[in-house]
Amino acid sequence: GEDVEQSLFLSVREGDSSVINCTYTDSSSTYLYWYKQEPGAGLQLLTYIFSNMDMKQDQRLTVLLNKKDKHLSLRIADTQTGDSAIYFCAERGQPGRRALTFGSGTRLQVQP
Amino acid sequence: DAGVIQSPRHEVTEMGQEVTLRCKPISGHDYLFWYRQTMMRGLELLIYFNNNVPIDDSGMPEDRFSAKMPNASFSTLKIQPSEPRDSAVYFCASSPGQAGTDTQYFGPGTRLTVL
Chain V
1 GEDVEQSLFL
11 SVREGDSSVI
21 NCTYTDSSST
31 YLYWYKQEPG
41 AGLQLLTYIF
51 SNMDMKQDQR
61 LTVLLNKKDK
71 HLSLRIADTQ
81 TGDSAIYFCA
91 ERGQPGRRAL
101 TFGSGTRLQV
111 QP
Chain S
1001 DAGVIQSPRH
1011 EVTEMGQEVT
1021 LRCKPISGHD
1031 YLFWYRQTMM
1041 RGLELLIYFN
1051 NNVPIDDSGM
1061 PEDRFSAKMP
1071 NASFSTLKIQ
1081 PSEPRDSAVY
1091 FCASSPGQAG
1101 TDTQYFGPGT
1111 RLTVL
């Protein structure tokens, strides 16, 4: 079945870059997503990448996809204290399947 | 648009009681999803609907859980009878159903505590 894995915790200093990693097993994944969850809130879509792309940049966010290794990463440049949250990687498998499979989430702590 | 609306935001109930969680998807969205989030199991898909019809309910834990979508603007998730292990945050999400990314938009969640 599908599985998505992430490391549980990352701590960085304000102003540094953060890199959050994710691996997945479903080779038929079509889209891969990054969501952000702040305390007490729902999940907010940050960005996504289509499986035939290897990079996508959106302001301070850079997504890298290595489809061969089934590895996805999210880089946040110039990390701010407001970026402290849990970041979820998610994948959508076969084109006809609408449900997402989520990783366990990576808690990013930004130290001032 | 107000986004996905869920109610109540918090629910505390006693074991054995019936619990009903409510969701109003974004207008015009064809898909509605119910997820459950716990520390132990992370985010799990419970069920999803397309045009008010349940498509995949394989994530529904057991017969105590039921979900309905009587119309395009309303869905309920019912637990009867509730048990302490049902304590979790329940999220509703909707998506437009378009080809391509078909992004899911999440509600703020309902935090359920069963004593």
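Sequence lines, in order, name chains V and S. Position 34 of the first sequence, counted from 1, bears residue number 34 in the working numbering, the numbering being contiguous throughout. Position 3 of the second sequence, counted from 1, bears residue number 1003 in the working numbering, the numbering being contiguous throughout. The C-beta atom is built at its ideal place from N, Cα and C for all residues, glycine as well.
In chain order, what residues of the same chain have a beta carbon less than 6 Å from the beta carbon of residue i, not counting five sequence neighbours either side?
{"i": "V/N21", "result": "S73"}
{"i": "S/Y1035", "result": "L1043, L1045 and F1091"}
{"i": "S/S1007", "result": "R1022"}
{"i": "V/L65", "result": "I49, D54 and L72"}
Rounded to a whole number of angstroms, what is the C-alpha to C-alpha distance between residue i and residue j?
{"i": "S/V1004", "j": "S/S1058", "result": "23 Å"}
{"i": "S/R1041", "j": "V/V63", "result": "26 Å"}
{"i": "S/Q1098", "j": "V/E14", "result": "38 Å"}
{"i": "S/L1032", "j": "V/R98", "result": "10 Å"}
{"i": "V/G40", "j": "S/T1013", "result": "19 Å"}
{"i": "V/M55", "j": "S/T1020", "result": "43 Å"}
{"i": "S/T1113", "j": "S/P1070", "result": "26 Å"}
{"i": "V/D16", "j": "S/S1075", "result": "43 Å"}
{"i": "V/T81", "j": "V/S18", "result": "12 Å"}
{"i": "S/H1029", "j": "S/D1056", "result": "17 Å"}
{"i": "S/C1023", "j": "V/T106", "result": "27 Å"}
{"i": "V/M53", "j": "S/F1049", "result": "29 Å"}
{"i": "V/D58", "j": "V/L46", "result": "9 Å"}
{"i": "S/S1073", "j": "S/N1051", "result": "10 Å"}
{"i": "V/P112", "j": "S/R1009", "result": "32 Å"}
{"i": "V/K68", "j": "V/G103", "result": "19 Å"}
{"i": "V/G42", "j": "V/T25", "result": "26 Å"}
{"i": "S/P1084", "j": "V/S27", "result": "37 Å"}
Suppose the cutoff is 8 Å on Cβ atoms and the five residues either side in sequence are ignored; what does the same chain contact list for residue i look like?
{"i": "V/Q109", "result": "F9, L10, S11, V12 and S84"}
{"i": "V/Y31", "result": "Y48, I49, F50, S51, E91 and R92"}
{"i": "S/E1011", "result": "V1019, L1021, T1110, R1111, L1112 and T1113"}
{"i": "S/P1054", "result": "I1047, Y1048, A1067 and M1069"}
Within the same chain, show all residues whose beta-carbon is closer than 7 Å to that of residue i, passing over the 5 residues directly before and after it, in chain order.
{"i": "V/T23", "result": "E5, K70 and H71"}
{"i": "V/R60", "result": "I76, A77 and D78"}
{"i": "V/S29", "result": "S51, E91, R92 and G93"}
{"i": "S/I1026", "result": "D1001, G1003, V1004, S1094 and Y1105"}
{"i": "V/S7", "result": "N21 and T106"}
{"i": "S/Q1037", "result": "L1043, A1088, V1089 and F1091"}
{"i": "S/R1064", "result": "I1079, Q1080 and P1081"}
{"i": "S/D1086", "result": "I1079, L1112 and V1114"}
{"i": "S/T1103", "result": "S1095"}
Taking Cβ positions, are residue i and residue j nearer each other than 8 Å?
{"i": "S/P1108", "j": "S/G1016", "result": "no"}
{"i": "S/K1078", "j": "S/S1066", "result": "yes"}
{"i": "V/Y33", "j": "V/Q44", "result": "no"}
Look up residue i in the DSSP assignment and say whether it is helix, strand or coil.
{"i": "S/P1084", "result": "helix"}
{"i": "V/D58", "result": "strand"}
{"i": "V/G82", "result": "helix"}
{"i": "V/A5", "result": "Here residue 5 of chain V turns out to be Glu, not Ala, going by the sequence shown. In this structure, V/E5 counts as strand in the three-state DSSP scheme."}
{"i": "V/N66", "result": "strand"}
{"i": "S/N1071", "result": "strand"}
{"i": "S/G1116", "result": "With chain S covering 1001 to 1115 only, the question about residue 1116 of chain S has no answer from this structure."}
{"i": "S/D1056", "result": "strand"}
{"i": "V/A90", "result": "strand"}
{"i": "V/N52", "result": "coil"}
{"i": "S/Q1006", "result": "strand"}
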